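One gets our numbering by counting positions in the sequence shown from 1 and adding 59 to each. C-beta: ideal position from N, C-alpha, C; glycine also. Only a predicted model underlies this, so the values are computations on that prediction, with no experimental measurement involved. Below you'll find the structure, written out as structure tokens, and then a few comments.
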Amino acid sequence: MEKEIFFANDRDEILHGILFAPEKFLAGVAVCHGFAGRCDTLNKRGWARALAAKGFAVLLFDCAGHGKSEGEYRSNTISREAGDAHCALERLRELGCGKLGLVGHSMGGIVALIEGNRNADVKAVALVAAPFHLPKYPDALFGEAGRKWKEHGVLEFVDDGRKLQLDYGYKRDQQKYDAAKLAHGLKKPLLVLHGSVDNIVPIEEATQFYAHAAEPKELRVIEGGDHGPYGAKQRAKAEQALTEFFEKRLA
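Rendered as structure tokens:
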């Protein structure tokens, strides 16, 4: 079963999601998208369908201000996204999921680590192309505009044809988090999944996540995979890695 659902976050904004659920399931997985991302992408649908075929209920969701969800993108922060992830997990719990897991793509990996650290009900976390050097992102992706973000107070950019603005409050909030400490503090099964030719977040950042993480941990490299979307061969490898991880750690 695949269907659109809507649920509220802790600020009473209505969030959009896509639920993938087999007839019977015990565990649920929520998927956090990346910076300026959305839930409805080829990669994420593939992950969700692969996991649902193995008996997991999977919720792809748009954080507030993204995709089809309510909210203003300009005031977005990582902390707010982590709060939205918590609400997505609560929705899975309401559906009857006894165990919960998280997948985070790109900056969504940091969101997943934040929620995974503080939520005892999260039993396993998977990072896909997640950035380890937080102070570098997303500033370095925007050249001069990124360098003058603090001076101007707002970052203006175009993503997937959309003109977006983001207040510097995003960076101030980001400074509260340290990727190494989040990885080391998780104390839960962690999968670090990364493309070998990622042109946004270098593969070296995946090895740093793995080095700092506590056991149990796994590092899987998708040969020929970039930051996304993957080609068909790389998508299949990523789907296999995610299903094997959650079958072992969450089922």
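Exercise for review: Could you pull out every unbroken beta strand (DSSP E) segment of at least 3 residues lying fully inside the segment 203 to 240, listed in chain order?
Suggested key: 213 to 218 and 221 to 226
**Study point:** V213 to K83 span [Cα, whole Å]
**Key:** 46 Å
Practice item. Report the residue from N102, C98 and G167 whose alpha carbon sits nearest the alpha carbon of F120. Key: C98
**Study point:** Proximity to L252 [Cα-Cα], best of F191, D180 and G205
**Key:** F191
Point to revise | Distance CB(L172)-CB(L278) smaller than 7 Å | key: no
Check your understanding: If we call anything under 7 Å between Cβ atoms a contact, is H145 one with H92?
Key -> no
Review point. How would you label M166, buried or exposed, when you count the other beta carbons within 10 angstroms and need 16 or more for buried?
Key: buried
Exercise for review: Measure the alpha-carbon distance for M60 versus K207 and round it to whole angstroms.
Suggested key: 46 Å
**Study point:** Segment contact flag, the segment 75 to 82 with the segment 109 to 119, C-beta cutoff 8 Å, min 3 pairs
**Key:** yes
Exercise for review: Please check the pair Q360 and G283, which I expect to be a contact at CB under 8 Å, by giving their CB distance rounded to whole angstroms.
Suggested key: The displayed coordinates of the chain run from 60 to 310. Any statement about residue 360 would go beyond what the structure contains.
Check your understanding: Between the segment 221 to 231 and the segment 254 to 264, do three or more beta carbon pairs fall short of 8 Å?
Key -> no
Check your understanding: Taking DSSP as the reference, what is the three-state secondary structure of E264?
Key -> helix
Check your understanding: Nearest to A300 by CA position, among S128, V162 and L101, is which residue?
Key -> V162
Check your understanding: Taking the beta strand (DSSP E) that F120 falls in, what are its first and last residues?
Key -> F115 to F120
Practice item. Express the C-alpha separation of A291 and A109 in angstroms, rounding to a whole number. Key: 14 Å
Review point. Going by other Cβ atoms of all chains shown within 10 Å of its Cβ, with 16 needed for buried, is V88 buried or exposed?
Key: buried
Exercise for review: Specify whether the segment 66 to 76 and the segment 120 to 139 touch according to this definition: at least 3 beta carbon pairs, one from each stretch, less than 8 Å apart.
Suggested key: yes
Check your understanding: Since V158 and A86 are thought to touch, with beta carbons under 8 Å apart, how far apart are those beta carbons, to the nearest angstrom?
Key -> Per the sequence shown, residue 158 should be read as Lys rather than Val. Confirmed, Cβ separation roughly 4 Å.
Review point. Which one or two residues does DSSP pair with F65 in a beta bridge?
Key: H75
Check your understanding: Taking the beta strand (DSSP E) that D91 falls in, what are its first and last residues?
Key -> A small fix is needed here, since residue 91 is Cys in this sequence, not Asp. Start and end: A86 to C91.
Review point. From this set, Y229, D219, F65 and A183, which residue's C-alpha is nearest G205's C-alpha?
Key: Y229
Exercise for review: Use the C-beta contact count for F65: other C-beta atoms within 10 angstroms, 16 or more gives buried, fewer gives exposed.
Suggested key: exposed
Review point. Which residue from G202, A188, L151 and A67 puts its Cα closest to that of D180?
Key: L151
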